[in-house]
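Novice: Numbering (this note's numbering), first residue to last: 241 to 716.
In this text, a Cβ means the ideal position worked out from N, Cα and C, and glycines have one as well.
In this text, all values refer to a predicted model and were calculated from it rather than measured experimentally.
1. Straight-line CA distance for residue 469 to residue 629?
2. Looking at the unbroken alpha helix (DSSP H) that takes in residue 304, where does it start and where does it end?
3. With DSSP as the reference, identify every bridge partner of residue 694, one or two as the case may be.
4. Please list, in chain order, all residues of the same chain as residue 255 whose beta carbon is under 6 Å from its beta carbon, the five residues on each side excluded.
5. Taking the alpha-carbon positions, what's the residue 622 to residue 265 distance?
6. How about residue 644 and residue 619: do their beta carbons lie closer than 8 Å?
7. Ignore the nearest five residues each way along the sequence and tell me which others in residue 312's own chain have a CB closer than 6 Å to its CB.
8. Between residue 742 and residue 497, is the Cβ-Cβ spacing less than 8 Å?
9. So within the region 373-429, which uninterrupted alpha helix (DSSP H) runs reach at least 4 residues, ignoring any that extend past its ends?
10. I need the boundaries of the beta strand (DSSP E) containing residue 651, first residue and last residue.
11. Counting along the chain, where does the beta strand (DSSP E) carrying residue 493 start and finish?
12. Does the region 334-343 come within contact of the region 393-409, defined as at least 3 CB pairs closer than 8 Å?
13. By the DSSP assignment, the alpha helix (DSSP H) with residue 721 in it spans what residues?
14. Hey, how far is the Cα of residue 308 from the Cα of residue 403?
15. Give me whichever residues DSSP pairs with residue 645 in a beta bridge.
16. I think residue 514 touches residue 525, with their Cβ atoms under 8 Å apart; what is that distance to the nearest whole Å?
17. What residue does the alpha helix (DSSP H) around residue 544 start on, and which one ends it?
18. So residue 526 is in the beta strand (DSSP E); what residue range does that whole segment cover?
19. Is DSSP giving residue 259 helix, strand or coil here?
20. On the premise that residue 699 lies in contact with residue 405, defined as a C-beta separation below 8 Å, what is that separation, rounded to the nearest angstrom?
21. So the alpha helix (DSSP H) residue 367 belongs to, where does it begin and stop?
22. Please report the residue range of the beta strand (DSSP E) in which residue 488 lies.
23. Quick check: what's the CA-CA separation for residue 316 versus residue 483?
24. If contact is defined by three or more beta carbon pairs under 8 Å, each pair taking one atom from either stretch, is the region 355-374 in contact with the region 433-449?
25. Report yes if the CB atom of residue 423 is closer than 8 Å to the CB atom of residue 329, and no otherwise.
26. Could you say which of 697, 559, 693 and 318 lies nearest to residue 512 if we only look at CA atoms?
27. Ordered along the chain, which non-local residues of its own chain (more than five positions away) have a Cβ less than 6 Å from that of residue 617?
28. Is the beta carbon of residue 665 closer than 8 Å to that of residue 646?
29. With DSSP collapsed to three states, give me the class of residue 252.
30. With a floor of 4 residues, list each alpha helix (DSSP H) that falls wholly inside the region 574-616, ordered by position along the chain.
31. Quick one: what does DSSP say residue 455 is sitting in, helix, strand or coil?
32. Across the region 500-511 and the region 455-470, are there enough close Cβ pairs to call them in contact, namely three or more that are closer than 8 Å?
33. Compute the Euclidean distance between the alpha carbons of residue 382 and residue 485, then round it to the nearest angstrom.
34. Where does the unbroken beta strand (DSSP E) through residue 358 begin, and where does it stop?
35. Give me the Cα-Cα distance between residue 681 and residue 624, rounded to the nearest whole angstrom.
36. Ends of the alpha helix (DSSP H) at residue 472?
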């Protein structure tokens with residue numbers, strides 16, 4: 241029988257008659273049922289978070305550090321449980337799910353360290369005659385209630401990226417996980433409930449977008465942090481009033497492979513970048529541009545490696561690609577592939593589905609105007625094209641409405657710094673895939689890919705306000 245979950249509201253477990261059924265995308269098996277939050281539930285959670293803030297803002301850094309380590313320790317003791325639950329509710333391959341759980345542990349470890357590093361500065365204010373005895377003490381203070389909205393594709397790690405910095409900085413948070421993958425977030429709530437964190441500081445409420453509108457409309461919420469699609473993200477910004485908003489949105493990451501690149505290494509990494517998590521990542525490799533001198537060799541090597549990927553049951557430990565989140569998502573991707581073929585694209589491998597599992601698909605002979613190039617695929621789908629000039633390929637990478645991360649495989653430092661200066665993304669990864677993300681780095685995009693930066697330290701900066709204490713040491 242599928243496990244039943246209550247929502248975690250204000251430090252208490254609360255049930256509701258309205259329920260969310262969570263089914264495996266792979267076999268449609270019912271894997272869990274959880275209470276669905278209403279507008280009143282979100283409003284009450286904000287009230288409880290506001291009350292708890294009176295305590296969290298007074299927590300010393302060592303206490304916030306301890307709480308983050310408590311969470312990390314408990315996840316570490318339950319790696320297998322988190323992994324299998326994620327496989328069941330998301331259809332993500334076991335190896336990728338386990339990797340996400342391990343990363344989530346790291347996120348809370350980093351948050352623990354950053355809790356002790358929220359510093360300030362001394363500012364000399366003697367900038368004009370008569371101000372010789374003045375100086376300023378600058379510090380960061382927690383804002384209050386944070387609203388976090390997380391996506392389906394990384395249902396634990398991206399929840400950790402909201403909750404970890406909030407706890408580390410002394411804030412409180414009301415989090416709405418994706419309704420298709422809320423179970424691991426509620427498992428995390430079970431862990432948080434047993435820590436030293438004041439009750440009410442964290443609420444985790446699965447619910448529909450319509451019911452969650454208090455997170456945007458309630459003036460007691462000081463910041464909204466959202467990860468998800470560009471369309472929804474910019475809608476949230478336009479409907480959040482005067483609140484601060486941090487958006488980590490979509491992408492269609494481009495990669496350039498130069499003729500001096502190690503092709504064996506590049507193809508292996510691009511295999512992971514394009515097809516891990518069934519391509520359902522905002523920084524999945526989607527567009528690969530290969531120098532014409534090595535294009536044929538690259539394509540042959542890449543195709544050979546793609547064909548060796550194991551596709552199917554996500555619970556098998558050797559499966560490389562599991563299910564996509566819904567059959568609808570698969571069908572939309574198939575339509576996009578067929579549309580590209582009608583316009584002249586060629587399928588090198590893949591292009592077929594089995595239920596909600598899509599074969600890893602590689603297309604060539606593509607045009608920039610095709611949706612497979614210009615839109616976010618969010619699927620195990622990559623396109624490969626050739627280039628002559630490095631400056632031209634930078635232009636091609638920039639020929640996108642997105643700008644999250646890009647990658648280049650080359651050892652020519654002049655090209656590296658040209659790319660760093662001219663590629664219009666939030667990050668450029670050299671000799672690796674744009675899918676690479678260290679959890680403490682600044683991470684975010686430009687154009688339609690987002691606003692602000694994540695990464696624990698940078699999220700803490702967004703979740704805190706700078707205040708100056710201006711002092712005059714001469715009183716007579």
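Specialist: Quick look at the numbers:
1. Within the chain shown, numbered from 1, the residue matching residue 469 stands at position 229. Within the chain shown, numbered from 1, the residue matching residue 629 stands at position 389. Straight-line Cα distance between these residues: approximately 32 Å.
2. One-based indexing of the chain shown puts residue 304 at position 64. Note, residue 304: alpha helix (DSSP H), 301-317.
3. For the purposes of this step, residue 694 is taken as the residue at position 454 of the chain shown. Per DSSP, 683.
4. Mapped onto the chain shown, residue 255 falls at position 15. Taken in chain order, the residues that qualify are 246 and 275.
5. For this step, residue 622 is matched to residue 382 along the chain shown. For this step, residue 265 is matched to residue 25 along the chain shown. Cα to Cα, residue 622 sits roughly 22 Å from residue 265.
6. As a working mapping, residue 644 is identified with position 404 in the chain shown. As a working mapping, residue 619 is identified with position 379 in the chain shown. No; because the gap between Cβ atoms is not below 8 Å, this pair is not in contact.
7. Position 72 of the chain shown holds residue 312. Excluding residues within five positions, the ones whose Cβ falls inside 6 Å are 345, 348 and 349.
8. The displayed coordinates of the chain run from 241 to 716. Any statement about residue 742 would go beyond what the structure contains.
9. 397-408
10. Within the chain shown, residue 651 is the residue found at index 411, counting from 1. Run containing residue 651: none; DSSP gives neither H nor E here.
11. Taking the chain shown and counting its residues from 1, the one referred to as residue 493 is at position 253. That run of the beta strand (DSSP E) goes 493-497.
12. yes
13. Residue 721 lies beyond the range of the chain shown here (241 to 716); nothing can be said about it.
14. The count along the chain shown starts at 1 and reaches residue 308 at position 68. The count along the chain shown starts at 1 and reaches residue 403 at position 163. Approximately 10 Å, taken between the alpha carbons.
15. One-based indexing of the chain shown puts residue 645 at position 405. 667.
16. Taking the chain shown and counting its residues from 1, one reaches residue 514 at position 274. Taking the chain shown and counting its residues from 1, one reaches residue 525 at position 285. The Cβ separation is near 4 Å, so the contact holds.
17. Position 304 of the chain shown, counted from the start, is the residue given in the question as residue 544. Unbroken alpha helix (DSSP H) run through residue 544: 535-547.
18. Mapped onto the chain shown, residue 526 falls at position 286. Element bounds for residue 526: 525-531.
19. In the chain shown, the residue the question calls residue 259 occupies position 19. Three-state result, residue 259: strand.
20. Position 165 of the chain shown, counting from 1, holds the residue named residue 405. Position 459 of the chain shown, counting from 1, holds the residue named residue 699. Residue 405 to residue 699, Cβ: 4 Å. Contact.
21. Position 127 of the chain shown holds residue 367. Looking at the DSSP string, residue 367 is not in any alpha helix (DSSP H), and its letter there is neither H nor E.
22. Here the question's residue 488 lines up with position 248 in the chain shown. Residue 488 -> beta strand (DSSP E) spans 484-488.
23. The residue you call residue 316 lines up with position 76 of the chain shown. The residue you call residue 483 lines up with position 243 of the chain shown. Roughly 35 Å between the two C-alpha positions.
24. no
25. Counting from one through the chain shown, the residue named residue 423 turns up at place 183. Counting from one through the chain shown, the residue named residue 329 turns up at place 89. A contact, by the Cβ cut-off of 8 Å.
26. In the chain shown, residue 512 corresponds to position 272, counting from 1. Residue 512 has its Cα closest to that of 559, out of 697, 559, 693 and 318.
27. Translated into positions along the chain shown, residue 617 becomes position 377. These residues qualify, in order along the chain: 526.
28. As a first step, residue 646 must be located in the chain shown, where it is residue number 406. As a first step, residue 665 must be located in the chain shown, where it is residue number 425. For residue 646 and residue 665, yes; Cβs fall inside 8 Å.
29. Position 12 of the chain shown holds residue 252. Correct three-state label for residue 252: strand.
30. 611-614
31. Locating residue 455 in the chain shown gives position 215, where the first residue counts as 1. Correct three-state label for residue 455: helix.
32. no
33. Position 142 of the chain shown, counted from the start, is the residue given in the question as residue 382. Position 245 of the chain shown, counted from the start, is the residue given in the question as residue 485. Cα-Cα distance, rounded: 15 Å.
34. Here residue 358 refers to the residue found at position 118 when the chain shown is read from its first residue. Taken as a continuous stretch (DSSP letters only), residue 358 belongs to no beta strand (DSSP E), as it is neither H nor E.
35. Within the chain shown, residue 681 is the residue found at index 441, counting from 1. Within the chain shown, residue 624 is the residue found at index 384, counting from 1. Their backbone Cα atoms lie some 29 Å apart in a straight line.
36. As a position in the chain shown, residue 472 is number 232, starting the count at 1. Start and end: 470-478.
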